[in-house]
Each structure stands twice: as C-alpha cells, then as structure tokens.
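Peer 1:
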Amino acid sequence: MGAATTIPDPDEARPFPWWVRLSRRLNGERVCAVPGCIGMTDPDEPYCAAHTDAVRVLRSRLGDRRCAAEGCPDPREGGDVHGDLCRAHGDAALLRDAFARSSAGRWNVPSRSSS
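Below, the structure written as structure tokens:
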C-alpha cells in the first residue's frame, strides 16, 4: 500500500506487468482500489478482502489526521485548500467545484474567434 505511506516505493514507479493491467481493465469497478492489486471487491466496497483490514488499521493509526473521504487510507492534506481531505480527494473536489461554477458545464476558457 505505497499510496498510503509517506515514503514512495520505488517499485511503484515501474509499470505493472501486462497481466495486472489486463486483470484491472477486465474487472473494471470490481477491482481493489490499491494500485497493482488484482483482488476483487464486494459491491460498494473499495478494497478487496486482503486490503480491507490493512486499510482499517492504517486509518485507526492516523486517527484525526485521516482523510474525511470514506475508506481513504491517506492522511489529510489540511490547510485552506484541501481541509479535511487528502491531496487526491482535495484536488478532485476542487475540480468538481470549478466545473460546477463554470457556465453551462464548460470550463471558463475564452472561445477562439474565427477571424
């Protein structure tokens, strides 16, 4: 679970073997949220049985410092920008808010004039 640690794992920089990528692609939303894991999840659960307990232990160790997103094993980023969310969930929330504020569901980008 390298995403939940503060020290990056050098093995995470390497691409996953083809069978891991294929399994994750074929299983779609039923694949575990831990990168590189090919375990299947129960409906409405983000982690496979092998990672559920480990994520629960990690979240309990983080205590009040954990991300407010349900089941997220990462520590919160804090500050005015991300607040109670980790960096990934905070960035996603910022993008959703920016998209919702934009006119007609489009990004506020000046249109090109065809002159």
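Reading the sequence shown from the start, the letters are residues 1 to 115 in the UniProt record's numbering.
Heads up, the beta-carbon is just placed ideally off N, CA and C, and yes, glycines get one too.
1) By DSSP's criteria, Pro75 is part of a beta bridge. Which residues make up the other side?
2) Just the Cα atoms here: how many angstroms apart are Cys72 and Val34?
3) Go through its chain and collect everything with a Cβ distance to Pro75's Cβ below 6 Å, but skip five positions before and after it.
4) Between the C-alpha atoms of Ala54 and Glu70, what's the straight-line distance to the nearest angstrom?
5) By the three-class DSSP mapping on this structure, what secondary structure does Gly83 have?
Peer 2: From the atom records:
1) Arg66
2) 10 Å
3) Leu62 and Arg65
4) 15 Å
5) strand
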